[in-house]
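Participant: Take a look at this one; I'll ask things after.
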Amino acid sequence: MNYYKVTMTKRGKRMQEVVKAKSKISAIRTAKQEFSGFNILKAEETTPGLGDKFGDILNSLKKSFEPKVDIGNKISSIRQIAVMTDAGISIHDSIDEVAKNTENPKLKHIFTTMGNDINAGKGIGDSIEPYREDFGHVAIAMTNLGEKTGNIAGAYHKLANILESIRDNTKKFKKAIRTPLITFAAMGVAFTILIMVV
112 MNYYKVTMTK RGKRMQEVVK AKSKISAIRT AKQEFSGFNI LKAEETTPGL
162 GDKFGDILNS LKKSFEPKVD IGNKISSIRQ IAVMTDAGIS IHDSIDEVAK
212 NTENPKLKHI FTTMGNDINA GKGIGDSIEP YREDFGHVAI AMTNLGEKTG
262 NIAGAYHKLA NILESIRDNT KKFKKAIRTP LITFAAMGVA FTILIMVV
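My numbering puts the sequence shown at residues 112 to 309.
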């Protein structure tokens with residue numbers, strides 16, 4: 112996200128505000144929404160203020176300490192959305208229903224926000240984009256694919272299968288690596304005891 116200094120006027124009064132947006136065009140759109148009635152003159156890219164920099168650092172620290180969404184919860188939620196949309200329920204109603212029924216508070220917040228964004232007119236790809244860290248690049252790509260092809264149910268069924276195979280492979284890897292780690296640890300302890308005794 113970049114910072115833009117937006118210059119605007121209203122009844123001869125000139126005003127400048129700093130807006131955080133992805134591009135110059137989206138900064139102008141955001142300024143039009145936040146400051147309705149103002150005439151937008153221009154938007155220039157600027158550096159963030161000290162307070163904004165500190166706020167960004169604080170937000171990134173908070174995000175790093177938040178618990179991650181369990182992959183099992185993601186799989187079941189995505190599978191539920193796929194089944195409901197496949198049955199003919201709208202994507203908005205499906206996401207709202209998943210938000211109501213999930214027990215994970217972070218997923219509940221994510222799906223509630225996505226439902227509100229879709230209700231406000233955003234596409235599902237745009238509404239899931241801010242949660243790239245939570246869902247991953249594959250989920251974003253499959254969502255965009257499903258939205259463009261008009262087959263979100265099929266895309267989400269495939270996505271759930273992909274996430275299940277990732278989960279299974281991770282479990283197999285952890286199981287396979289456990290025995291060599293235990294062996295190396297035992298060898299290290301035995302070697303240390305031999306050196307200390309002899």
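No residue lacks a Cβ here, since even glycine has one placed at the ideal position from N, Cα and C.
(1) What beta strand (DSSP E) runs, 3 residues minimum, are completely inside the segment 230-281?
(2) Looking at VAL129: is its Cβ nearer than 8 Å to the Cβ of GLY160?
(3) Could you work out which residue in GLU156, ARG289, PRO178 and LEU274 is closest to LYS116 when comparing CA atoms only?
(4) First and last residue of the beta strand (DSSP E) that includes MET195?
(5) Would ILE192 and SER205 qualify as a contact pair, given that the criterion is a beta-carbon distance under 8 Å?
(6) Could you give the residue range of the beta strand (DSSP E) that holds ILE151?
(7) From the DSSP secondary-structure annotation, give me the bridge partner or partners of MET126.
(8) Does the segment 189-203 come into contact with the segment 260-270, if we say contact requires no fewer than three beta-carbon pairs (one atom in each stretch) closer than 8 Å?
(9) Quick check: the segment 162-177 against the segment 198-213, are at least 3 beta-carbon pairs closer than 8 Å?
(10) Between the alpha carbons of ASN262 and LEU292, how many angstroms are there, rounded?
(11) Report, in whole angstroms, the separation of the C-beta atoms of GLU275 and ILE200, which I expect to be a contact under 8 Å.
(12) Using the Cα positions of GLN127 and MET119, report the straight-line distance between them to the nearest angstrom.
(13) Where does SER112 land, buried or exposed, given buried means 16+ other C-beta within 10 angstroms?
(14) Report yes if the CB atom of GLU258 is closer than 8 Å to the CB atom of GLY234, and no otherwise.
(15) Starting from the Cα of SER137, find the closest Cα among GLY123, TYR114 and PHE149 and give me that residue.
(16) Thinking just about the alpha-carbon of each residue, which of ASN150, THR141, ILE139 and ALA132 is nearest to the one in GLY123?
(17) Under 8 Å, do VAL180 and ASP245 count as touching if we go by C-beta distance?
(18) Let me confirm a value: THR290 is counted as buried when at least 16 other C-beta atoms fall within 10 Å, else exposed. Which label applies?
(19) Which two residues bound the contiguous alpha helix (DSSP H) that contains GLU145?
(20) With 16 other CB atoms within 10 Å as the buried threshold, where does ALA287 fall?
(21) Just confirm the distance between the C-beta atoms of ILE182 and ARG278, as a whole number of angstroms; I'd bet it's less than 8 Å.
Facilitator: Working from what's here:
(1) none
(2) yes
(3) GLU156
(4) Here MET195 belongs to no beta strand (DSSP E); instead the alpha helix (DSSP H) covers 182-197.
(5) yes
(6) 150-157
(7) MET119
(8) yes
(9) no
(10) 45 Å
(11) The pair is not a contact, with the Cβ atoms about 23 Å apart (cut-off 8 Å).
(12) 6 Å
(13) According to the sequence provided, residue 112 is Met. The question's Ser does not apply to it. Label assigned to MET112: exposed.
(14) yes
(15) TYR114
(16) ASN150
(17) yes
(18) exposed
(19) 135-145
(20) exposed
(21) 5 Å
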